[in-house]
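Protein chains in written order, with the working numbering: chain A, 114 to 307; chain B, 114 to 307.
From the three backbone atoms N, C-alpha and C, an ideal C-beta is built for every residue, glycine too.
Number of protein chains: 2
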Amino acid sequence: MSDAQHRTPRDGPRKAQEIFDATLTLLAARGYEGLTIEGVAEKSGVNKTTIYRWWPSKGALVGAALTGARRLDLVLEDTGSLQGDLEALLRAVVTLLTVPPAADIAVPALGATTQSPELALHVRDFFAERLARERIVFDRAVARGELPADADPMLLVDLLAGAAWLRIVLRGLPVEEDFVARAVRTVLKGAATA
Amino acid sequence: MSDAQHRTPRDGPRKAQEIFDATLTLLAARGYEGLTIEGVAEKSGVNKTTIYRWWPSKGALVGAALTGARRLDLVLEDTGSLQGDLEALLRAVVTLLTVPPAADIAVPALGATTQSPELALHVRDFFAERLARERIVFDRAVARGELPADADPMLLVDLLAGAAWLRIVLRGLPVEEDFVARAVRTVLKGAATA
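Okay, structure coming up:
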């Protein structure tokens with residue numbers, strides 16, 4: 114128990130990734146209401162008392178799984194330009210929403226936010242944690258003089274990631290070859306004629 | 114029966130709006146799987162044989178409700194400028210996603226698309242029908258010289274509406290006073306320093 118104060122959200126038992134995967138898979142399949150720690154224990158092959166020791170409630174477990182699962186991890190590239198960094202970021206979002214097995218989990222797990230107010234709180238944390246990590250892309254761009262100092266990272270991320278969500282999840286349409294480059298160019302340079 | 118050929122998706126029995134409202138309310142509350150025409154009949158007070166006569170399946174009824182419900186209707190303004198027209202469009206999306214009673218129906222009904230492949234097909238049609246109606250905004254802008262002729266209306270709509278969805282539904286954050294104007298300005302003029 115003395116190590117409790119050293120725990121971070123990414124700590125966990127040896128089989129944390131298996132537990133997170135089982136959690137997100139069951140969340141995707143059954144929704145938040147249908148998810149149980151017993152079900153996660155069964156699917157992951159980890160004793161349920163072990164799971165409860167680390168995450169004392171379903172909410173705590175879902176929160177940890179959303180931010181700690183390697184499958185949903187956010188890898189940011191430093192390409193040397195804002196256009197390049199945002200293309201890498203948007204490409205990662207498109208991959209998350211379209212390429213199995215991550216997409217099979219991410220889309221229903223995030224989409225289920227509209228069905229459960231409790232899940233919605235964890236999804237908020239998931240997006241807040243990602244934005245905190247994405248800020249470096251914008252800080253670098255301001256330092257390079259590519260963005261004004263008062264640029265709004267959340268707005269830029271939401272325009273890009275939101276377009277991907279709408280196209281892929283709500284329209285159910287394929288993402289064209291040049292979607293990422295065009296979306297980033299539009300947000301940075303504008304669609305209007307000069 | 115002879116008038117069948119004159120039917121459009123917006124035709125329907127006298128109490129069509131009540132039927133659509135009941136359909137969307139039950140869809141929001143129970144999901145696509147839990148929705149039944151019997152339930153819609155009970156909630157709307159319309160005999161189920163009447164409903165079946167117009168919409169022979171649950172899928173047909175949901176499709177008609179999504180595109181025909183006045184609650185989800187899209188009102189486009191002609192403000193004389195692209196910035197103004199897109200602000201009006203985005204304001205309408207924000208209202209749809211935040212102001213009850215429409216928001217109580219629209220968010221869960223559209224969000225449930227991730228839980229049901231059959232519903233997803235109807236949501237696709239819903240967005241395709243809206244885009245077809247939104248095109249006039251872009252045609253007018255091209256005619257006024259505000260947009261190049263090869264501008265991509267779907268991309269512009271998805272950047273704006275997607276940002277609203279992400280902010281409101283997934284981040285669960287309030288929409289600031291100037292969100293609409295800033296989002297439209299970014300998409301038209303770009304965020305990058307000149």
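C-beta contact flag for residue i and residue j at 8 Å
i        : j        : result
B/Thr138 : B/Ile218 : yes
B/Glu259 : A/Thr227 : no
A/Leu203 : A/Ala154 : no
A/Val288 : A/Thr211 : yes
A/Arg184 : A/Asp134 : yes
B/Pro126 : B/Thr163 : yes
A/Ala205 : A/Val220 : no
B/Gly275 : A/Leu279 : yes
B/Glu283 : A/Ala296 : A quick correction: the sequence has Leu, not Glu, at residue 283 of chain B. Cβ atoms of B/Leu283 and A/Ala296: not closer than 8 Å.
A/Pro266 : A/Glu242 : no
A/Thr299 : B/Val300 : yes
B/Gly303 : A/Gly158 : no
B/Leu140 : B/Ala222 : yes
A/Phe251 : A/Ala264 : yes
Within chain B, partners of residue i - CB distance below 7 Å
i        : result
A/Leu223 : Leu283
Within chain B, partners of residue i - CB distance below 9 Å
i        : result
A/Gly258 : Thr306
A/Ala296 : Leu268, Asp271 and Leu272
A/Thr226 : Gly224, Val282, Leu283 and Gly285
Beta-carbon neighbours of residue i, restricted to chain A and to distances below 8 Å
i        : result
B/Leu301 : Gly303, Ala304 and Ala305
B/Ala233 : Gly285
Partners in chain A for residue i, counting only beta-carbon separations shorter than 7 Å
i        : result
B/Phe240 : Leu283 and Arg284
B/Ala245 : Those do not exist, as B/Ala245 stays about 13 Å from chain A at its closest Cβ, beyond 7 Å.
Contact belief for residue i with residue j at Cβ below 8 Å, rounded distance in angstroms
i        : j        : result
A/Leu273 : A/Leu199 : 6 Å
A/Thr136 : A/Ala178 : 4 Å
A/Arg237 : B/Gly193 : With 8 Å as the limit, A/Arg237 and B/Gly193 do not qualify as a contact, their Cβ atoms being about 38 Å apart.
9 Å Cβ cut-off: residues of chain A touching residue i
i        : result
B/Arg237 : Leu283, Arg284, Gly285 and Leu286
Contact with chain E by residue i, beta-carbon distance below 8 Å
i        : result
A/His235 : No chain E is part of this structure, whose protein chains are labelled A and B.
Residue i Cβ short of 7 Å to the ligand SAH heavy atom set
i        : result
A/Ser229 : The ligand SAH is absent from the structure shown, which contains no ligands of any kind.
Determine contact between the region 226-240 of chain A and the region 152-167 of chain A, defined as no fewer than three beta-carbon pairs at a distance below 8 Å. no
Name the residues in the region 266-290 of chain A whose C-beta lies less than 9 Å from a C-beta of chain B; which are they? Met267, Leu268, Leu269, Val270, Asp271, Leu272, Leu273, Ala274, Gly275, Ala276, Ala277, Trp278, Leu279, Arg280, Val282, Leu283, Arg284, Gly285 and Leu286
Using 8 Å as the cut-off, can you tell me whether the region 160-176 of chain B makes contact with the region 252-267 of chain B, which would need three or more C-beta pairs spanning the two stretches below that distance? Taking a cut-off of 8 Å on C-beta distances, the region 160-176 of chain B does not touch the region 252-267 of chain B, as fewer than three cross pairs fall below it.
Name, going along the chain, the residues of the region 195-219 of chain B whose beta-carbon falls closer than 9 Å to a beta-carbon of chain A. Leu195 and Gln196
In the region 127-141 of chain A, which residues sit with their C-beta less than 8 Å from some C-beta in chain B, listed in chain order? none
By the 7 Å beta-carbon criterion, what residues does the region 154-184 of chain A contribute toward chain B? Listed by position along the chain: nothing, the set is empty.
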